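One structure is given here, and the rest of the page talks about it.
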Amino acid sequence: MAAELAINAHARYFKHCLTMLPAETTSLDATRMTIAQLCLVGLATLGRLEDTLPEKRRAEMVEWIYAQQIPNGRGGYGGFRGGSLFGPHDRCEYEPANSGNLAATYSALCSLLLLGDDLSRVDKQAVVGAIRSLQQESGTFAPHPGTTERDPRFIYCACAISTILGDWSGVDKDAATRYIVGCCNYDGGLTQMAFQESHGGHLYCCIAGLSLMGRLDALPSRQRTLQWALFRQSGGYQGRANKAPDVCYSFWVGASIEILGGHDLVDSSTVVHFIQQCESTIGGLSKWPGYLPDPLHAALGIVGFSFHRPEQFPHISPELLLPAS
Amino acid sequence: MHGRRRQHEREPTADEKVQAQQRVERYCALSTQVAELKAANTYTVEALSLTKQLLEQNTELHSVWNYRRQIFMHLDSWQDMDARQQALERELAFLLEIITKNIKSYWMWNHRVWALGALPRPEWQRELGLVAKLLALDARNYHGWNYRRFVVAHLRAAREDAGAVDEQEFAFTTEQITRDCANHAAWHNRSKLLPAILAQRGEPQAVLQAETDLILNAIYTDPDDQNAWLYYDWLLDIQTSDTDRVRLLRGK
Numbered sequence: 254m255a256a257e258l259a260i261n262a263h264a265r266y267f268k269h270c271l272t273m274l275p276a277e278t279t280s281l282d283a284t285r286m287t288i289a290q291l292c293l294v295g296l297a298t299l300g301r302l303e304d305t306l307p308e309k310r311r312a313e314m315v316e317w318i319y320a321q322q323i324p325n326g327r328g329g330y331g332g333f334r335g336g337s338l339f340g341p342h343d344r345c346e347y348e349p350a351n352s353g354n355l356a357a358t359y360s361a362l363c364s365l366l367l368l369g370d371d372l373s374r375v376d377k378q379a380v381v382g383a384i385r386s387l388q389q390e391s392g393t394f395a396p397h398p399g400t401t402e403r404d405p406r407f408i409y410c411a412c413a414i415s416t417i418l419g420d421w422s423g424v425d426k427d428a429a430t431r432y433i434v435g436c437c438n439y440d441g442g443l444t445q446m447a448f449q450e451s452h453g454g455h456l457y458c459c460i461a462g463l464s465l466m467g468r469l470d471a472l473p474s475r476q477r478t479l480q481w482a483l484f485r486q487s488g489g490y491q492g493r494a495n496k497a498p499d500v501c502y503s504f505w506v507g508a509s510i511e512i513l514g515g516h517d518l519v520d521s522s523t524v525v526h527f528i529q530q531c532e533s534t535i536g537g538l539s540k541w542p543g544y545l546p547d548p549l550h551a552a553l554g555i556v557g558f559s560f561h562r563p564e565q566f567p568h569i570s571p572e573l574l575l576p577a578s
Numbered sequence: 002m003h004g005r006r007r008q009h010e011r012e013p014t015a016d017e018k019v020q021a022q023q024r025v026e027r028y029c030a031l032s033t034q035v036a037e038l039k040a041a042n043t044y045t046v047e048a049l050s051l052t053k054q055l056l057e058q059n060t061e062l063h064s065v066w067n068y069r070r071q072i073f074m075h076l077d078s079w080q081d082m083d084a085r086q087q088a089l090e091r092e093l094a095f096l097l098e099i100i101t102k103n104i105k106s107y108w109m110w111n112h113r114v115w116a117l118g119a120l121p122r123p124e125w126q127r128e129l130g131l132v133a134k135l136l137a138l139d140a141r142n143y144h145g146w147n148y149r150r151f152v153v154a155h156l157r158a159a160r161e162d163a164g165a166v167d168e169q170e171f172a173f174t175t176e177q178i179t180r181d182c183a184n185h186a187a188w189h190n191r192s193k194l195l196p197a198i199l200a201q202r203g204e205p206q207a208v209l210q211a212e213t214d215l216i217l218n219a220i221y222t223d224p225d226d227q228n229a230w231l232y233y234d235w236l237l238d239i240q241t242s243d244t245d246r247v248r249l250l251r252g253k
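Protein chains in written order, with this note's numbering: chain A, 254 to 578; chain B, 2 to 253.
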């Protein structure tokens with residue numbers, strides 16, 4: 254059977270992104286850790302991680318990741334930074350410039366695991382301590398100290414980190430669950446916060462968070478939420494009602510459907526077809542057919558694709574963006 | 002990573018390559034300089050200016066936005082309410098200039114919220130006008146609608162006739178829906194406002210009749226569009242009695 258995805262081109266694309274990105278992506282400078290995670294999970298899903306990145310290169314990447322870890326004793330600032338743009342952390346006295354953040358920590362842990370590291374050098378106490386200090390009274394999480402940002406993205410990161418480290422002492426599950434339930438909308442969808450429109454990205458963060466906490470039963474109506482997710486299929490998946498389908502929702506919405514047990518209700522062939530239309534001739538996938546690719550859309554499109562071709566691609570856990578094993 | 006269409010690009014000229022290289026060098030030098038100033042806890046007008054230059058080139062440096070806020074709050078002029086008012090009004094103007102670079106940036110919207118919270122005399126009505134213009138550029142902008150609700154909440158608190166603010170917002174959603182009945186964000190926002198409208202106007206039946214008419218128009222325009230059906234479902238559901246539900250279904 255002919256390959257349905259241009260595996261070689263995508264593997265080359267991820268390898269290239271791990272080396273260098275164009276000037277137009279300057280805005281990603283502070284989130285390199287997440288770009289790394291996306292490239293690595295893309296390669297892992299294609300089954301090409303080890304032959305694209307030789308052992309020496311993987312070891313170098315592990316060192317770079319650990320170099321972003323904030324040393325012990327920095328309270329709410331523990332964890333990993335998103336990148337090295339403010340120089341080595343031991344030379345930067347200004348704490349807020351040098352704090353870990355939950356998204357980078359999540360990306361760092363996933364990347365380390367994908368690279369074969371055993372996490373033995375992770376300061377687990379500092380990470381869990383940081384999570385504890387970043388949870389708000391309302392149940393949601395801030396990504397790092399000194400910011401007004403709070404939303405389900407960071408609840409998800411806190412839950413994923415706790416799962417990976419096997420230590421939930423930093424998370425008040427009742428409070429987090431309460432916040433997520435408060436984000437449930439009439440139409441079954443979930444939002445960033447109360448009063449917002451239902452949104453596929455926040456759907457994923459809430460559903461995966463609940464699942465990792467073992468609290469999926471807290472959903473007011475699992476049936477209605479699954480229905481909302483299924484109604485987002487319009488060829489590919491859209492992120493919100495009446496928006497154009499976007500390949501990254503093949504993961505955000507696709508994985509949510511997997512978690513909610515709705516795999517068999519999806520029109521697989523049209524999802525697969527849409528993802529294929531988003532493949533770029535230079536490798537990688539773009540948000541919409543005919544646009545330029547980027548690592549996020551490439552990785553999430555490929556993982557979303559793998560849910561519909563289980564016999565061809567390794568099983569990726571929908572809750573953790575890691576190979577399920 | 003918000004979608005750039007592939008275009009036929011020609012190879013850059015030697016001059017263009019040199020210029021690009023110089024831009025890269027300037028960006029790197031600037032970010033190193035800002036990092037050093039941060040590390041030394043520098044809160045000066047010069048540092049403020051450098052952070053502005055850096056953020057103009059990269060709006061997504063969230064810790065530089067944090068640092069910028071710290072600088073503002075450490076300057077002597079912060080304690081003088083008139084100086085603070087001027088400084089933050091300039092800041093709001095700066096944000097408006099660059100928001101179009103990345104209208105989905107969480108950090109720029111958050112920074113705007115911070116600035117309005119810190120302003121001695123915020124002008125919520127003007128903010129409403131601004132967010133309306135931004136929504137005109139991108140009618141489904143998630144941050145924009147959230148920001149609009151934030152501004153409206155402050156307007157309601159600031160004015161004696163909160164009801165008039167609700168009516169104005171309700172009319173805004175009508176305008177958005179009339180312009181494009183596929184705009185889910187507008188229908189969604191309308192559902193958040195309708196309970197207050199029903200409570201405030203003397204004749205709930207007339208309001209519900211008008212809603213039914215709006216829904217029917219949308220269904221005739223595009224029967225496959227989910228918006229109107231979902232809204233109708235919700236409208237029926239919020240009626241407290243079966244009699245009311247039946248009355249609504251019959252459009253009477």
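We put the CB at the ideal spot given by N, CA and C, even for glycine. Predicted, not measured: the structure shown is a model, and the values here were computed from it.
Query: Report the rounded CA-to-CA distance for Leu472(A) versus Ile433(A), giving the unit in angstroms.; Result: 9 Å
Query: Please confirm whether Phe448(A) has its beta-carbon closer than 8 Å to some beta-carbon of chain B.; Result: yes
Query: For Ala552(A), return the contacting residues in chain B, with the cut-off set at a CB-CB distance below 7 Å.; Result: Neighbours of Ala552(A) on chain B: none; closest Cβ ~11 Å, over 7 Å.
Query: Using a Cβ-Cβ cut-off of less than 7 Å, list which residues of the region 421-443 of chain A approach chain B; keep chain order.; Result: Tyr439, Asp440
Query: Please list, in chain order, all residues of the same chain as Tyr319(A) whose beta carbon is under 6 Å from its beta carbon, the five residues on each side excluded.; Result: Arg374
Query: Using the C-alpha atoms, what's the distance from His550(A) back to Leu299(A)?; Result: 15 Å
Query: Mind pulling the chain A residues with CB within less than 9 Å of Tyr107(B)?; Result: Glu402, Asp404
Query: Of all the CB atoms in chain A, is at least one closer than 8 Å to the CB of Glu12(B)?; Result: no
Query: So which residues on chain A does Glu212(B) lean against when the C-beta distance must stay under 9 Å?; Result: Going along chain A, no residue has its Cβ under 9 Å from Glu212(B), so there is no contact; the nearest lies around 15 Å.
Query: Does Arg477(A) come within less than 8 Å of chain B when only Cβ atoms are used?; Result: no
Query: When you compare each of Gly467(A), Lys426(A), Arg334(A), Ser509(A) to Asp282(A) by their alpha carbons, which one comes out closest?; Result: Arg334(A)
Query: Exposed or buried, Met254(A), counting other C-beta atoms within 10 Å across all chains shown (16 or more means buried)?; Result: Because Met254(A) sits at a pLDDT of 43, beneath the cut-off of 50, its placement in the model cannot be relied upon, and the point is left open.
Query: Report yes or no: do the region 550-561 of chain A and the region 519-537 of chain A share at least 3 C-beta pairs separated by less than 8 Å?; Result: yes
Query: List the endpoints of the continuous alpha helix (DSSP H) containing Arg11(B).; Result: First-last for Arg11(B): undefined, no H or E at that position.
Query: Using a Cβ-Cβ cut-off of less than 8 Å, give me the residues of the region 56-88 of chain B that come near chain A, in sequence order.; Result: Gln58, Asn59, Thr60, Glu61, Leu62, His63, Ser64, Asn67, Tyr68, Gln71
Query: Helix, strand or coil for Gly423(A)? Go by DSSP, reduced to three states.; Result: coil
Query: Identify the residues that DSSP records as bridge partners of Gly332(A): which are they?; Result: Ile323(A)
Query: Given a threshold of 16 other Cβ atoms within 10 Å of its Cβ, counted over all protein chains shown, does Val153(B) qualify as buried or as exposed?; Result: buried
Query: Would you kindly check if the distance between the Cβ of Ile408(A) and the Cβ of Ala429(A) is under 8 Å?; Result: yes
Query: Do you know offhand how far Arg403(A)'s Cα is from Arg431(A)'s?; Result: 15 Å
Query: For a contact defined as C-beta to C-beta under 9 Å, what are the partners of Leu231(B) on chain A?; Result: Tyr439, Asp440, Ala494
Query: Relative to chain A, which residues along the region 128-142 of chain B have a C-beta separation below 8 Å, given in chain order?; Result: Arg141
Query: Say yes only if the C-beta of Asp420(A) is nearer than 7 Å to one or more non-hydrogen atoms of the ligand FMN, and no if none qualify.; Result: Among the components modelled here there is no ligand, and therefore nothing to report on the ligand FMN.
Query: For Asp120(B), which of helix, strand or coil comes out of DSSP?; Result: The sequence shown places Leu at residue 120(B), rather than the Asp named in the question. Here Leu120(B) sits in coil by DSSP.
Query: Taking the alpha-carbon of Lys426(A) as reference, which of Gln445(A), Glu390(A), Trp541(A), Lys268(A) has the nearest alpha-carbon?; Result: Glu390(A)
Query: In the region 259-329 of chain A, which residue ranges form an unbroken alpha helix (DSSP H) of at least 4 residues, counting only runs that do not cross its ends?; Result: 260-272, 285-299, 302-305, 308-320
Query: Cα-Cα, which of Leu365(A), Leu479(A), Glu511(A), Gly453(A) is closest to Ile414(A)?; Result: Leu365(A)
Query: Short check: CB of Tyr465(A) to CB of Trp505(A), under 8 Å?; Result: A small correction: the amino acid at residue 465(A) is Leu; Tyr does not occupy that position in the sequence shown. For Leu465(A) and Trp505(A), no; Cβs fall outside 8 Å.
Query: Which whole-angstrom value is the C-beta distance of Leu55(B) and Val46(B), which I expect to be below 8 Å?; Result: That pair is no contact at about 15 Å.
Query: Can you pull the chain A neighbours of Asn103(B), defined as C-beta to C-beta under 9 Å?; Result: Ser280
Query: Secondary structure at Ile569(A), three-state DSSP: helix, strand or coil?; Result: strand
Query: According to DSSP, is Glu532(A) part of a helix, a strand, or is it coil?; Result: strand
Query: Could you pull out every residue in the same chain whose Cβ sits closer than 8 Å to the Cβ of Leu249(B), ignoring the five residues on either side in sequence?; Result: Leu209, Thr213, Leu236, Leu237, Gln240
Query: Does the Cβ-Cβ distance between Tyr107(B) and His155(B) come in under 8 Å?; Result: no
Query: Looking at Leu574(A): is its Cβ nearer than 8 Å to the Cβ of Val381(A)?; Result: no
Query: Let me check one thing: in DSSP terms, what residues is Gln486(A) bridge-paired to?; Result: Tyr490(A)
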